[in-house]
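Residue numbers (this note's numbering), protein chains in the order written: chain A, 1 to 185; chain B, 1001 to 1159.
One structure is given below, encoded as structure tokens.
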């Protein structure tokens, strides 16, 4: 029963696929091809991403993250978050486990928003493709506006999440993830 | 391809350093990784399925028809919604956006599409919630959507 509950959504989606295969076989075929493509990509990408996250949990001390990206890190922290995000390292879902790890170790929320935002929207290789197809004016204006939007969003989200913290998420960390500073040598 | 090379290169580097320093801690890192991966597995499968369904239904041709045929504000909203729910690699998305722009879509519509495409991830939300919490995910995606519309409006006026 527990397993069914855990896999509730994948089961629903599998049923949608079956329904499509009966009524719209063409769409079902296209969808399965896309899903298989992304499955291959994820099988290749996700294990190393999670191992990197595990290494980060174990080796990078909490106080370092707090110092670099925490509440006292100021402009420098935002710059580090931004720089981490612009590195060419793949789709946004790769960044979620990393961002979660940074947040647990005391990075401030606005810096996490900055990190995810620059990873998603301001990555250097992606900007090159954008310039090629949409022009330098379009790309640079979108870059500046996105940067401004991310700064405002970061501050707003930090304010809102401090006002009303996500209790369910916080409890889940305490129960599931082992605190890295308790690991003995 | 470059993604895979970068990630595996980084992994080899970090894993080597970690093993050199302590085998025991490296093993612990693997345990943490395995546990987290197992916990994320259901949402990973969900994301995979939804990505397939959205891209199977919203093919590039369908997207061009939807964005290209409408004009003005409606087109911009449709473009923002399509960008928010699809997960298209940038190598496919930017050429598509470029051709739409040349075939008559407005700058406002295209910038709404691009901005929500990169910033808002409805299909990856289950994974984001696992890693960063429900509230964070809803706020980040909601605010990004609003920001995308504002950015699109400004770009439409300026360009």
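C-beta: ideal position from N, C-alpha, C; glycine also.
For a contact meaning CB atoms closer than 7 Å, what does residue i contact in chain B?
{"i": "residue 48 of chain A", "result": "1007, 1008, 1011"}
{"i": "residue 78 of chain A", "result": "Those do not exist, as residue 78 of chain A stays about 16 Å from chain B at its closest Cβ, beyond 7 Å."}
{"i": "residue 42 of chain A", "result": "1044, 1048"}
Find the nearest neighbour of residue i within the set the options, judged by alpha-carbon distance.
{"i": "residue 1063 of chain B", "options": "B/1086, B/1072, B/1047", "result": "B/1086"}
{"i": "residue 6 of chain A", "options": "B/1038, B/1005, B/1031", "result": "B/1038"}
{"i": "residue 143 of chain A", "options": "B/1033, B/1018, B/1154", "result": "B/1154"}
{"i": "residue 172 of chain A", "options": "A/154, A/121, A/161, A/104", "result": "A/104"}
{"i": "residue 1055 of chain B", "options": "A/44, A/32, A/53", "result": "A/32"}
Taking 7 Å as the CB-CB cut-off, is residue i touching chain A?
{"i": "residue 1098 of chain B", "result": "yes"}
{"i": "residue 1082 of chain B", "result": "no"}
{"i": "residue 1049 of chain B", "result": "yes"}
{"i": "residue 1102 of chain B", "result": "no"}
{"i": "residue 1076 of chain B", "result": "no"}
{"i": "residue 1151 of chain B", "result": "yes"}
{"i": "residue 1147 of chain B", "result": "yes"}
{"i": "residue 1004 of chain B", "result": "yes"}
{"i": "residue 1157 of chain B", "result": "no"}
{"i": "residue 951 of chain B", "result": "Chain B is shown from 1001 up to 1159; residue 951 of chain B falls before or after that span and cannot be answered."}
{"i": "residue 1036 of chain B", "result": "yes"}
{"i": "residue 1073 of chain B", "result": "no"}
7 Å is my cut-off, CB to CB: does residue i come that close to chain B?
{"i": "residue 154 of chain A", "result": "no"}
{"i": "residue 105 of chain A", "result": "no"}
{"i": "residue 166 of chain A", "result": "yes"}
{"i": "residue 19 of chain A", "result": "no"}
{"i": "residue 179 of chain A", "result": "Legend: pLDDT at residue 179 of chain A = 47, less than 50; position of this residue unreliable, value from coordinates given subsequently. Judged by the 7 Å Cβ criterion, residue 179 of chain A is not in contact with chain B."}
{"i": "residue 86 of chain A", "result": "no"}
{"i": "residue 70 of chain A", "result": "no"}
{"i": "residue 66 of chain A", "result": "no"}
{"i": "residue 83 of chain A", "result": "no"}
So residue i and residue j are in contact, right, with Cβ under 8 Å, and what is the actual spacing, rounded?
{"i": "residue 72 of chain A", "j": "residue 114 of chain A", "result": "Not really, about 16 Å apart at Cβ, beyond 8 Å."}
{"i": "residue 1080 of chain B", "j": "residue 58 of chain A", "result": "Residue 1080 of chain B to residue 58 of chain A, Cβ: 41 Å. No contact."}
{"i": "residue 70 of chain A", "j": "residue 108 of chain A", "result": "6 Å"}
{"i": "residue 154 of chain A", "j": "residue 118 of chain A", "result": "The pair is not a contact, with the Cβ atoms about 11 Å apart (cut-off 8 Å)."}
For residue i, go through chain B and note every residue whose CB falls closer than 8 Å to its CB, in chain order.
{"i": "residue 51 of chain A", "result": "1011, 1015, 1029, 1030, 1033"}
{"i": "residue 57 of chain A", "result": "1029, 1032"}
{"i": "residue 157 of chain A", "result": "1136, 1139, 1140, 1143"}
{"i": "residue 61 of chain A", "result": "Per Cβ cutoff of 8 Å: no residues; residue 61 of chain A is ~12 Å from chain B at best."}
{"i": "residue 6 of chain A", "result": "1042"}
{"i": "residue 10 of chain A", "result": "1042, 1045, 1046, 1049"}
Closer than 9 Å by beta-carbon distance: list the chain A residues that pair up with residue i, in chain order.
{"i": "residue 1127 of chain B", "result": "93, 96, 97"}
{"i": "residue 1114 of chain B", "result": "121, 130, 134, 138, 142"}
{"i": "residue 1019 of chain B", "result": "By Cβ distance, chain A contributes nothing, its closest Cβ being about 10 Å from residue 1019 of chain B, past 9 Å."}
List, in order along the chain, the chain B residues whose C-beta lies closer than 9 Å to that of residue i?
{"i": "residue 30 of chain A", "result": "1052, 1055, 1056, 1057, 1059"}
{"i": "residue 169 of chain A", "result": "1129, 1132, 1133, 1134, 1135, 1136"}
{"i": "residue 13 of chain A", "result": "1045, 1046, 1048, 1049, 1050, 1052, 1053"}
For a contact defined as C-beta to C-beta under 8 Å, what are the partners of residue i on chain A?
{"i": "residue 1124 of chain B", "result": "92, 93, 96"}
Cβ closer than 7 Å: which chain A residues qualify as neighbours of residue i?
{"i": "residue 1063 of chain B", "result": "Neighbours of residue 1063 of chain B on chain A: none; closest Cβ ~13 Å, over 7 Å."}
Positions along the segment 129–143 of chain A whose CB lies within less than 7 Å of some CB in chain B: Within the segment 129–143 of chain A, the qualifying residues are 129, 130, 133, 134, 137, 138, 141, 142.
Along the segment 89–103 of chain A, what residues have a CB closer than 7 Å to any CB found in chain B? Contacts with chain B (Cβ-Cβ distance below 7 Å) from the segment 89–103 of chain A involve 89, 90, 92, 93, 96, 97, 99, 100, 103, listed in chain order.
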